[in-house]
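J.: Those sequence lines, one after another, are chains Z, W and C. Its first residue numbered 1, the first sequence is counted upward by one per residue in the working numbering. Its first residue numbered 267, the second sequence is counted upward by one per residue in the working numbering. Its first residue numbered 533, the third sequence is counted upward by one per residue in the working numbering. By construction, the Cβ of each residue, glycine as well, lies at the ideal position given by its N, Cα and C atoms. Here the structure is a predicted model, which is why all the values come from computation and not from measurement.
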Amino acid sequence: MTQSPQSIWTDVERIRTQAPLIHNITNFVVMNNTANALLAIGASPAMVHAPEEVEEFVSISSALVVNIGTLDSTFVAGMKLAMRQAKSLGKPIVFDPVGVGATTYRNRVSEELLALAPPDIIRGNASEIMALAGLNAQTKGVDSLYGSDAALDAARRLSSVLGCVVVISGAIDYIVQGEQLAAVANGHPLMTKVTGMGCTATALTGAFAAINTNYVQAATHAMAVMGIAGELAAEKNQAPGSLQVNFLDALYTLTESEIEERLKLS
Amino acid sequence: MTQSPQSIWTDVERIRTQAPLIHNITNFVVMNNTANALLAIGASPAMVHAPEEVEEFVSISSALVVNIGTLDSTFVAGMKLAMRQAKSLGKPIVFDPVGVGATTYRNRVSEELLALAPPDIIRGNASEIMALAGLNAQTKGVDSLYGSDAALDAARRLSSVLGCVVVISGAIDYIVQGEQLAAVANGHPLMTKVTGMGCTATALTGAFAAINTNYVQAATHAMAVMGIAGELAAEKNQAPGSLQVNFLDALYTLTESEIEERLKLS
Amino acid sequence: MTQSPQSIWTDVERIRTQAPLIHNITNFVVMNNTANALLAIGASPAMVHAPEEVEEFVSISSALVVNIGTLDSTFVAGMKLAMRQAKSLGKPIVFDPVGVGATTYRNRVSEELLALAPPDIIRGNASEIMALAGLNAQTKGVDSLYGSDAALDAARRLSSVLGCVVVISGAIDYIVQGEQLAAVANGHPLMTKVTGMGCTATALTGAFAAINTNYVQAATHAMAVMGIAGELAAEKNQAPGSLQVNFLDALYTLTESEIEERLKLS
Numbered sequence: 001m002t003q004s005p006q007s008i009w010t011d012v013e014r015i016r017t018q019a020p021l022i023h024n025i026t027n028f029v030v031m032n033n034t035a036n037a038l039l040a041i042g043a044s045p046a047m048v049h050a051p052e053e054v055e056e057f058v059s060i061s062s063a064l065v066v067n068i069g070t071l072d073s074t075f076v077a078g079m080k081l082a083m084r085q086a087k088s089l090g091k092p093i094v095f096d097p098v099g100v101g102a103t104t105y106r107n108r109v110s111e112e113l114l115a116l117a118p119p120d121i122i123r124g125n126a127s128e129i130m131a132l133a134g135l136n137a138q139t140k141g142v143d144s145l146y147g148s149d150a151a152l153d154a155a156r157r158l159s160s161v162l163g164c165v166v167v168i169s170g171a172i173d174y175i176v177q178g179e180q181l182a183a184v185a186n187g188h189p190l191m192t193k194v195t196g197m198g199c200t201a202t203a204l205t206g207a208f209a210a211i212n213t214n215y216v217q218a219a220t221h222a223m224a225v226m227g228i229a230g231e232l233a234a235e236k237n238q239a240p241g242s243l244q245v246n247f248l249d250a251l252y253t254l255t256e257s258e259i260e261e262r263l264k265l266s
Numbered sequence: 267m268t269q270s271p272q273s274i275w276t277d278v279e280r281i282r283t284q285a286p287l288i289h290n291i292t293n294f295v296v297m298n299n300t301a302n303a304l305l306a307i308g309a310s311p312a313m314v315h316a317p318e319e320v321e322e323f324v325s326i327s328s329a330l331v332v333n334i335g336t337l338d339s340t341f342v343a344g345m346k347l348a349m350r351q352a353k354s355l356g357k358p359i360v361f362d363p364v365g366v367g368a369t370t371y372r373n374r375v376s377e378e379l380l381a382l383a384p385p386d387i388i389r390g391n392a393s394e395i396m397a398l399a400g401l402n403a404q405t406k407g408v409d410s411l412y413g414s415d416a417a418l419d420a421a422r423r424l425s426s427v428l429g430c431v432v433v434i435s436g437a438i439d440y441i442v443q444g445e446q447l448a449a450v451a452n453g454h455p456l457m458t459k460v461t462g463m464g465c466t467a468t469a470l471t472g473a474f475a476a477i478n479t480n481y482v483q484a485a486t487h488a489m490a491v492m493g494i495a496g497e498l499a500a501e502k503n504q505a506p507g508s509l510q511v512n513f514l515d516a517l518y519t520l521t522e523s524e525i526e527e528r529l530k531l532s
Numbered sequence: 533m534t535q536s537p538q539s540i541w542t543d544v545e546r547i548r549t550q551a552p553l554i555h556n557i558t559n560f561v562v563m564n565n566t567a568n569a570l571l572a573i574g575a576s577p578a579m580v581h582a583p584e585e586v587e588e589f590v591s592i593s594s595a596l597v598v599n600i601g602t603l604d605s606t607f608v609a610g611m612k613l614a615m616r617q618a619k620s621l622g623k624p625i626v627f628d629p630v631g632v633g634a635t636t637y638r639n640r641v642s643e644e645l646l647a648l649a650p651p652d653i654i655r656g657n658a659s660e661i662m663a664l665a666g667l668n669a670q671t672k673g674v675d676s677l678y679g680s681d682a683a684l685d686a687a688r689r690l691s692s693v694l695g696c697v698v699v700i701s702g703a704i705d706y707i708v709q710g711e712q713l714a715a716v717a718n719g720h721p722l723m724t725k726v727t728g729m730g731c732t733a734t735a736l737t738g739a740f741a742a743i744n745t746n747y748v749q750a751a752t753h754a755m756a757v758m759g760i761a762g763e764l765a766a767e768k769n770q771a772p773g774s775l776q777v778n779f780l781d782a783l784y785t786l787t788e789s790e791i792e793e794r795l796k797l798s
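Structure (structure tokens):
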């Protein structure tokens, strides 16, 4: 059950074949990008947030992705109903605590969501994971002030309290479950100059979790594919407008040999 | 009053000259794309949803486009006021029932909107048109599980009950009014890998309906322009990130001879 | 304290070094573009609108940008709390009255916001500035029906009543404070074919105001950088899909010599 180029490729092919329906309750900034990234990797995305319909929509979906980037009371109400429903139906939940630590509201909502329905996978940057673990991490809006390794203890604590996989994104991505640890060193610094790349990583994690119930593996695969597509895109043109376009192209045309040649996993 | 490369080109020139103001109440995922597509074809888009102002905004607009992709109670309230106002002022209404059939809420809202103010043109994929016609169509979120021809009977029924034009999008697009039928075979499969291409077709239909009161013609022209621009874009680069960019470029630079050479109409 | 290629470059370098956190309460259409433009110039953007958290978020931000493009009651509530807080903390406020004059609601909300917390900089097109100054300007949705010089008197009046800098965008951008006047003649007509370019100008103005308390200078610098990046992008490819991508690339790679060669300031 370890991660390898072959295990990644098997999952990419599963996504392309099964086209799992991924239910996203996400933020306004990235809805378009994350829908396109999910389509490019082969999944079927839907953005549905109304409290009147999220429970029904969860029931036809293969995974639920919740992202609090531009939360407000309507969206939070939808998130609660959707997460409780996903939990009761055993559908994977991936949670992205964007900007947690920056405001009391974000902290309170995150705590409520985690208490209501512990996610299967949490993905955030180091500041967010530390804030979520109850540490007084400093944040700068939605950006992290720390390297990803600074949050390893926080990730372990969070993982053991919630019984879930925790992903810390950064120059190196760490995937933590209890004492298990995987690290992905793929990616490119230019990715931090495009909005919503973290949110896209979370959305892709939803696609992998939809077709692979080993969530450590699913999260690691998602981070590897994300990083490799980002490298391919950045090598085409070192500028952020182009990166966004080339990243979607790279996801769509991704091959097994690109993964084999580039994967930096430990 | 039939459709031809010349009738399409006449309408494109009218849009470019008159720059009709198109009032959109649409979903969060596609607001940027559809605004850009409307600008690229020569129209003047506005996205306005607040119940406090939609009626006034309808009165200065040339067409109203309503799309339920990410509906919630605030947006639905705005849609109702706007559609009623458009109806009373005789402004064309184009309706896109995104994801209808997937949840009870979407079905109920769609029924209420159709009862309140029957649109002039409805555009959806086969699943959506079948669901809207009251058939128990299976849906997969916002994607169709059927070819567009499977929904022809549903489209005819819907058209005759509501007295409107119904467009079924797919590899072949059907434009139905009562017993009249037009078909457009333009387009490219890669368009299904970019989010919001259907919503963009609906928005463009609004632009054509704003300058051509023959709505069968307006809808057919919109679908043809959509498909031809998609082909031109896909031939430049067979990947979805590029397609989105190249599609807008193709709409903006579209020429009469490109329409003449490519139009596949029956 | 005059504007020059050197003063612009100094500010660009300050933004790139300090990466000021810019708090945006903006519209759904442009959230992605404006976040990406802020990242490309070197700032750190966040989109945060919930009344529950905007005051706290303003307190950690370096500037507040408020844009009423797709306003509704939830967003307006957030805008009011955020603007009052920014005022009390002395943080710069940049206001974009998108579509003011088109509806009574937009007029009323704009008046309430200006009365509550006069912004430091207002940026709009000629129709919007005239409407905001109380003139019965004709509007066409969110587009102006006037050249920017038609709004000079309105801008002077608005500036003297509110004690703020007023920017009129157009083929020539005017920056007005009382009797002071600067003009920027950079830019490209194709920029009007991409949605949200005005909103992006407003967002960039927030970044410059965050690092330069001379707001005439900050606004002039922002308009110059905007126009120059637009020219560079339009020269690469004369089509609007490409422009959006190339514009972000140009912002990110902008050099001092590009500013020196192109700046058209009077």
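#1: Taking Leu-690/C as the reference, which of Glu-643/C, Ile-704/C, Gly-728/C has the closest Cα?
#2: If we ignore side chains and look at the alpha-carbon of each, how far apart do Leu-382/W and Lys-353/W end up?
#3: Counting only beta-carbon atoms, is Thr-785/C nearer than 8 Å to chain Z?
#4: Would you say Val-450/W and Lys-530/W are within 8 Å of each other, going by their C-beta atoms?
#5: Pull up the CB-CB distance for Tyr-146/Z and Ser-127/Z, whole angstroms please, since I reckon it's below 8 Å.
#6: Between the Cα of Leu-287/W and those of Thr-471/W, Asp-415/W, Asn-480/W, spot the shortest distance and give me the residue it belongs to.
#7: Measure the alpha-carbon distance for Asn-512/W versus Glu-179/Z and round it to whole angstroms.
#8: Counting Cβ pairs closer than 8 Å, one from the region 544 to 559 of chain C and one from the region 758 to 767 of chain C, do we hit at least three?
#9: Leu-603/C and Met-625/C - do their beta-carbons sit closer together than 8 Å?
#10: On the three-pair Cβ rule with 8 Å, is the region 313 to 321 of chain W touching the region 586 to 594 of chain C?
#11: Decide if the region 290 to 305 of chain W is in contact with the region 533 to 547 of chain C; the criterion is three or more beta carbon pairs, one per stretch, under 8 Å apart.
#12: Among Gly-407/W, Asp-409/W, Ala-437/W, Gly-400/W, whose alpha-carbon lies nearest the alpha-carbon of Ala-421/W?
#13: Cβ of Pro-506/W within 8 Å of Cβ of Leu-243/Z?
#14: Would Val-482/W and Gln-443/W be called neighbours here (beta carbons separated by less than 8 Å)?
#15: How is the beta strand (DSSP E) around Asp-338/W delimited, first residue to last?
#16: Check whether the Cβ of Phe-95/Z lies closer than 8 Å to any Cβ atom in chain W.
#17: Enumerate in chain order the residues of its own chain whose CB-to-CB distance from Leu-380/W is below 8 Å, with the five nearest sequence positions on each side excluded.
#18: Where does the unbroken alpha helix (DSSP H) through Val-314/W begin, and where does it stop?
#19: I'd like to know whether the C-beta atoms of Asn-32/Z and Val-295/W end up nearer to each other than 8 Å.
#20: Which residue marks the beginning of the alpha helix (DSSP H) containing Ser-659/C, and which one marks its end?
#21: In whole angstroms, give me the CA-to-CA distance for Gly-101/Z and Thr-732/C.
#22: What does the Cβ neighbour count give for Leu-621/C, buried or exposed, with the cut at 16 atoms within 10 Å?
#23: For chain W, check one thing: does any of its Cβ atoms lie closer than 8 Å to the Cβ of Ser-127/Z?
#24: Between which two residues does the alpha helix (DSSP H) harbouring Asp-781/C extend?
#25: Per DSSP, what are the beta-bridge partners of Val-697/C in this structure?
#26: Mind checking the region 199 to 223 of chain Z against chain C and listing, in chain order, the residues whose C-beta falls within less than 7 Å of any C-beta there?
#27: Straight-line CA distance for Ser-327/W to Leu-181/Z?
#28: Name, please, each residue of chain W whose Cβ falls closer than 9 Å to the Cβ of Glu-256/Z.
#29: Can you tell me which of Thr-745/C, Asn-744/C, Asn-657/C puts its alpha carbon nearest to the alpha carbon of Gly-631/C?
#30: I'd like the list of long-range same chain contacts for Ala-473/W, defined as Cβ closer than 8 Å, with 5 residues on each side in sequence excluded.
#31: Can you tell me whether Val-597/C is helix, strand or coil according to DSSP?
#32: DSSP three-state call for Tyr-440/W: helix, strand or coil?
#33: Per the DSSP calculation, His-289/W is bridged to which residue(s)?
#34: For the candidate residues Lys-502/W, Ile-477/W, Thr-300/W, Pro-311/W, whose alpha-carbon lies nearest to that of Ile-274/W?
#35: Kindly indicate which three-state DSSP category Ser-426/W falls into: helix, strand or coil?
#36: Helix, strand or coil: how does DSSP classify Val-94/Z here?
T.: Looking at the coordinates:
#1: Glu-643/C
#2: 9 Å
#3: yes
#4: yes
#5: 6 Å
#6: Comparing C-alpha distances from Leu-287/W to each of Thr-471/W, Asp-415/W, Asn-480/W shows the shortest one belongs to Thr-471/W.
#7: 48 Å
#8: no
#9: In the sequence on display, residue 625/C carries Ile and not Met. Going by C-beta atoms, Ile-625/C is not nearer than 8 Å to Leu-603/C.
#10: The region 313 to 321 of chain W vs the region 586 to 594 of chain C: no contact.
#11: Output reads no: the region 533 to 547 of chain C does not touch the region 290 to 305 of chain W.
#12: Gly-400/W
#13: no
#14: yes
#15: Where Asp-338/W is concerned, there is no enclosing beta strand (DSSP E), given that its DSSP letter is neither H nor E.
#16: no
#17: Within the same chain, Leu-380/W has close Cβ partners Phe-361, Leu-398, Leu-428.
#18: Per DSSP, Val-314/W belongs to no alpha helix (DSSP H) and is neither H nor E.
#19: yes
#20: Unbroken alpha helix (DSSP H) run through Ser-659/C: 658 to 664.
#21: 28 Å
#22: So Leu-621/C counts as exposed.
#23: no
#24: 772 to 785
#25: Ile-653/C
#26: Residues: none.
#27: 58 Å
#28: Residues of chain W passing the Cβ test: none, with the nearest at roughly 18 Å.
#29: If we check each option's Cα against that of Gly-631/C, Asn-657/C comes out closest.
#30: Ile-281, Pro-286, Ile-288, Leu-304, Ile-307, Gly-308, Ala-309, Ala-329, Ala-488
#31: Note: Val-597/C maps to strand in three-state DSSP.
#32: The answer is strand: DSSP assigns Tyr-440/W an E or B state.
#33: Ala-312/W, Leu-330/W
#34: Ile-477/W
#35: helix
#36: strand
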